[in-house]
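Q: For the record, the sequence lines run as chains G and W. With positions in the first sequence counted from 1, the corresponding number in my numbering is that position plus 73. With positions in the second sequence counted from 1, the corresponding number in my numbering is that position plus 1. Even glycine gets a Cβ: it sits at the ideal position worked out from N, Cα and C. Keep in mind it's a predicted model, so treat the numbers as computed, not measured.
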Amino acid sequence: DAKTTQPPSMDCAEGRAANLPCNHSTISGNEYVYWYRQIHSQGPQYIIHGLKNNETNEMASLIITEDRKSSTLILPHATLRDTAVYYCIVRVTSGTYKYIFGTGTRLKVLA
Amino acid sequence: GAVVSQHPSWVICKSGTSVKIECRSLDFQATTMFWYRQFPKQSLMLMATSNEGSKATYEQGVEKDKFLINHASLTLSTLTVTSAHPEDSSFYICSAPRGFEQYFGPGTRLTVT
């Protein structure tokens, strides 16, 4: 079973920040939090990942709570092309790279 | 960046026939690849882990005799859907890990008539 829960859908106005929450209350100390997104009928695309510190790259920021039981993906200036399903996944830091996908959040960016 | 390709991108076959889907890592070697299935408006479901030089590891509930996986080289894994039925119609996606990322293929849409 997936170890994450996410809201099924969210809307965001174009140009505004999109904040996508994820709950991973059973996360272990050796598990990373990964975020991917899937645009319709394509393979998932990597966005960002983190262990316990907040992370930022050219696509997004990842905020992980101090107890690591939840995280938020932030798209700072959402565009129409960011409309996709966003998946939050936890993965152990070594050994298998197996991903178990949860239901994800369907983000719709509105013009 | 690393690229994973799949072939074919879509296929239509008749019920009872077998279909082979290829997954290739184009610029890196992958001793492990993963196969997923995705039904419309649903999440990706992991089917199996493909291991180069050894047997695949199947997730619970996935029939290994129906979904044959072969990892013949460090850049190629194949999934064969045997005796396909309409309920096997789905979007099949493969992935390969490299570094800290998983690289996903573009998917193969299978329609069984």
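(1) How long is the line joining the alpha carbons of G/T145 and G/V158, rounded to whole angstroms?
(2) Using a Cβ cut-off of 7 Å, pull out every chain W residue sitting near G/S144, in sequence order please.
(3) Who are the neighbours of G/I120 on chain W, taking C-beta pairs under 9 Å?
(4) Pick from G/C95, G/R164 and G/D84: whose alpha carbon is nearest that of G/V182?
(5) Would you please state the rounded distance, in angstroms, between the beta carbons of W/W11 and W/T109? I believe it to be under 8 Å.
(6) Can you tell me where the beta strand (DSSP E) with W/K21 in it begins and where it stops?
(7) For W/F105, count neighbouring C-beta atoms within 10 Å of its own C-beta (all shown protein chains included) and say buried if the count is 16 or more, exposed if not.
(8) So, is W/V113 buried or exposed, given that buried needs 16 or more other C-beta atoms within 10 angstroms?
(9) Could you check what DSSP says for G/D140 in three-state terms: helix, strand or coil?
(10) With respect to 7 Å, is the separation between the Cβ of G/S98 and the closest non-hydrogen atom of the ligand PLP below this value?
(11) Does the beta-carbon of W/Q39 have 16 or more other beta-carbons within 10 angstroms, so that it is buried, or is it exposed?
(12) Anything in chain G within Cβ reach of W/G108, meaning under 8 Å, just list it in chain order.
(13) Give me the Cα-Cα distance between G/A184 and W/K42, rounded to the nearest whole angstrom.
(14) Short of 7 Å in beta carbon distance, which residues of its chain neighbour G/N130, apart from the five on each side in sequence? Order them along the chain.
(15) Please classify W/P87: does DSSP put it in a helix, a strand, or coil?
(16) Relative to the alpha-carbon of W/E64, which residue among W/M48, W/P98, W/T18 and W/K15 has its alpha-carbon at the smallest distance?
(17) Output yes if chain G places a C-beta closer than 8 Å to the C-beta of W/P9; else output no.
(18) Considering only their Cβ atoms, is the gap separating G/T99 from G/K76 smaller than 8 Å?
(19) May I ask which residues mark the beginning and end of the beta strand (DSSP E) holding W/G54?
(20) Assuming G/D155 is part of the beta strand (DSSP E), what are its boundary residues?
(21) Counting C-beta neighbours from all protein chains within 10 Å, is the total for W/G62 16 or more, i.e. buried, or is it exposed?
(22) Where does W/L80 fall in DSSP's three states?
(23) I want to see whether chain G comes within less than 8 Å of W/Q103, judged by CB atoms only; does it?
A: Let's see:
(1) 15 Å
(2) Under the 7 Å cutoff, chain W gives no residues; its nearest Cβ is about 16 Å from G/S144.
(3) What G/I120 touches in chain W: nothing, since even the nearest Cβ is about 10 Å away.
(4) Looking only at G/C95, G/R164 and G/D84, the smallest Cα-Cα distance to G/V182 is reached by G/D84.
(5) The Cβ separation is near 7 Å, so the contact holds.
(6) First-last of the beta strand (DSSP E) with W/K21: V20 to S26.
(7) Only buried fits W/F105, as 16 or more other CB atoms lie within 10 angstroms of its CB.
(8) buried
(9) coil
(10) Annotation note on the ligand PLP: not contained in the displayed structure, which lists no ligands.
(11) By the neighbour-count definition (other C-beta atoms within 10 Å, threshold 16), W/Q39 is a buried residue.
(12) Within 8 Å Cβ-Cβ: S114, Q115 and G116.
(13) Whole-angstrom Cα-Cα distance: 23 Å.
(14) Within the same chain, G/N130 has close Cβ partners I121.
(15) helix
(16) W/M48
(17) False, the Cβ-Cβ gap to chain G never drops below 8 Å.
(18) yes
(19) No beta strand (DSSP E) holds W/G54; DSSP gives it neither H nor E.
(20) G/D155 -> no beta strand (DSSP E), and no H or E assigned at all.
(21) exposed
(22) strand
(23) yes
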